[in-house]
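Under my numbering, the residue at position 77 of the sequence shown is numbered 77, and the numbers go up by one with no gaps.
Beneath this line is the structure, given in structure tokens, with notes to follow.
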Amino acid sequence: MTHHINHTPAVDACGVSFRVEAATLLDRVDVRADRGQFVGLIGPNGAGKSTLLRAISNVLSYQDGAVSLHGADLKSLPARKVAEILALVPQIAPYTQGFTTFELVLMGRYPHLGRFQAEGRADDQIARDAMRLTETEAFSNRTIETLSGGERQRVFLARAVAQQPQVLLLDEPTSNLDVLHQLKILTLVRRLVDEGLTAIAAIHDLNLAARFCDQLVLLAGGRVVTDGPPREVLTPETIEAAFGVKSAIYREPVTGALAVSLIGPADQSPAEVEVFGGTTPALTVDVRAGRSSEATSAVC
Ligand SMILES: Nc1ncnc2c1ncn2[C@@H]1O[C@H](COP(=O)(O)OP(=O)(O)OP(=O)(O)O)[C@@H](O)[C@H]1O
Ligand SMILES: [Mg+2]
């Protein structure tokens, strides 16, 4: 699926550890993203996904290990150079007040401007294109605080797109989006990736992660539990071990995507669950096996 134009990985985090006084938030984490690859970070709350994204973008200073960005050691690169290459859309939007949507998106151009240089016509156009792609142009002249949660989230993505990074780090990019915009935004990221961008995104929705990512990295307790293509990482066993949830994994018949049905918490669910009630014929799921009778025939 992925064509390796260049064998130097875009991002190569090797043995990264980050400790605070009370805890080890990242414990010898290895994560690699090749150019033109979409890597999804999955894992429970507190697993270390945001911490890892912040380490890779040099927002926090990890104590051990190394991150290389296009072959250069991250810590040796000036902040400005990092911003030329990489954009991070944080999980929690930074506090901004008084800026219009357009002004905020235009800020994505800063790393590409000379010192004391103002944005020019070309920058305006790039900002407008980014707003069109994220369907935020309708709010151009409105201040950020007047936007809804999902609208705001798309604006911060627009700012990162306007930055024209080679590496895009997204922390829960679809957390506030309606189903249509979840699909549109991840389709946009996928298209940019197919055009050569490298993306690493923390994604809670396992179905979206399976459908859009080339590789998944499952984190728990600051460690990489497993990584690889979605069909290898997403198994009832790994999902139960990481999240404590019984699941069935199957090939979704309509979209053809790998799909995850979340049956219930492992410590609460009865041995057998009636998935469809009412007039729909019941599909009985053997929770212990973690897969349904119908799904089994379609298991990939
Ligand atoms: N200064 C700190 N002291 C102690 N623990 C911290 C500190 N900063 C972060 N943590 C903990 O580190 C863990 C990892 O946090 P992180 O934000 O990376 O998780 P996450 O995988 O992104 O979770 P979520 O899915 O909730 O966004 C959390 O349990 C968090 O409470
Ligand atoms: Mg997080």
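C-beta atoms are modelled at their ideal positions from N, C-alpha and C, and glycine is treated no differently.
These figures come from a predicted structure and were not determined experimentally.
When the Cα atoms are used, what is the spatial distance from residue 244 to residue 99? On the sequence shown, residue 244 is found 244 positions in, with the first residue counted as 1. On the sequence shown, residue 99 is found 99 positions in, with the first residue counted as 1. Going from the Cα of residue 244 to the Cα of residue 99 covers about 43 Å.
Three or more C-beta pairs below 8 Å linking the segment 141-151 and the segment 112-126: As far as the Cβ criterion goes, the segment 141-151 does not touch the segment 112-126, which means the pair count is below three.
Can you find a heavy atom of ligand 2 that lies under 6 Å from the Cβ of residue 57? Along the sequence shown, read from residue 1 onward, the residue named residue 57 stands at position 57. Residue 57: no, Cβ never under 6 Å from ligand 2.
Starting from the C-beta of residue 44, find all residues in its chain whose C-beta is less than 7 Å away, skip the five residues before and the five after it, and write them out in chain order. The residue given as residue 44 occupies position 44 in the sequence shown. Excluding residues within five positions, the ones whose Cβ falls inside 7 Å are 220, 242 and 243.
Assuming residue 89 and residue 171 make a contact with CB atoms under 8 Å, what is their CB distance in whole Å? Taking the first residue of the sequence shown as position 1, residue 89 is located at position 89. Taking the first residue of the sequence shown as position 1, residue 171 is located at position 171. Going by Cβ atoms, the distance from residue 89 to residue 171 rounds to 6 Å, so yes, they are a contact pair.
Status (buried if at least 16 other CB within 10 Å, exposed otherwise) for residue 117: In the sequence shown, the residue the question calls residue 117 occupies position 117. Result: exposed.
At a threshold of 6 Å, does residue 91 count as lining ligand 2 (C-beta to nearest heavy atom)? Here residue 91 is taken as the residue at index 91 of the sequence shown, counted from 1. Yes, the Cβ of residue 91 comes within 6 Å of a heavy atom of ligand 2.
Rounded to a whole number of angstroms, what is the C-alpha to C-alpha distance between residue 138 and residue 158? Position 138 of the sequence shown, counted from the start, is the residue given in the question as residue 138. Position 158 of the sequence shown, counted from the start, is the residue given in the question as residue 158. Between residue 138 and residue 158, the alpha-carbon positions lie close to 13 Å from each other.
Could you tell me which of 150, 113 and 132 sits nearest to residue 80, measuring between CA atoms? For the purposes of this step, residue 80 is identified with residue 80 of the sequence shown, where counting begins at 1. When the alpha-carbon of residue 80 is set against those of 150, 113 and 132, the nearest one is in 113.
Put residue 125 into one of helix, strand or coil per three-state DSSP. Within the sequence shown, the letter at position 125 stands for residue 125. Residue state, collapsed to three classes: helix.
Check whether the Cβ of residue 49 sits closer than 6 Å to any heavy atom of ligand 2, and report yes or no. Reading the sequence shown from its first residue, position 49 is the one you call residue 49. Yes, the beta carbon of residue 49 sits closer than 6 Å to at least one heavy atom of ligand 2.
Can you look up residue 57 in the DSSP assignment and give me helix, strand or coil? Residue mapping note: residue 57 aligns to position 57 of the sequence shown, counting from 1. The answer is coil: DSSP assigns residue 57 none of H, G, I, E or B.
Just to confirm, are residue 25 and residue 48 a CB contact at a threshold of 7 Å? Position 25 of the sequence shown, counted from the first residue, corresponds to residue 25. Position 48 of the sequence shown, counted from the first residue, corresponds to residue 48. Yes.
Residue 184 bridges to which residues according to DSSP? For the purposes of this step, residue 184 is taken as the residue at position 184 of the sequence shown. Answer is none; residue 184 lacks a bridge partner.
Assign residue 265 to one of three DSSP states: helix, strand, or coil. Along the sequence shown, read from residue 1 onward, the residue named residue 265 stands at position 265. In the structure shown, residue 265 sits in a strand (DSSP, three-state: E or B).
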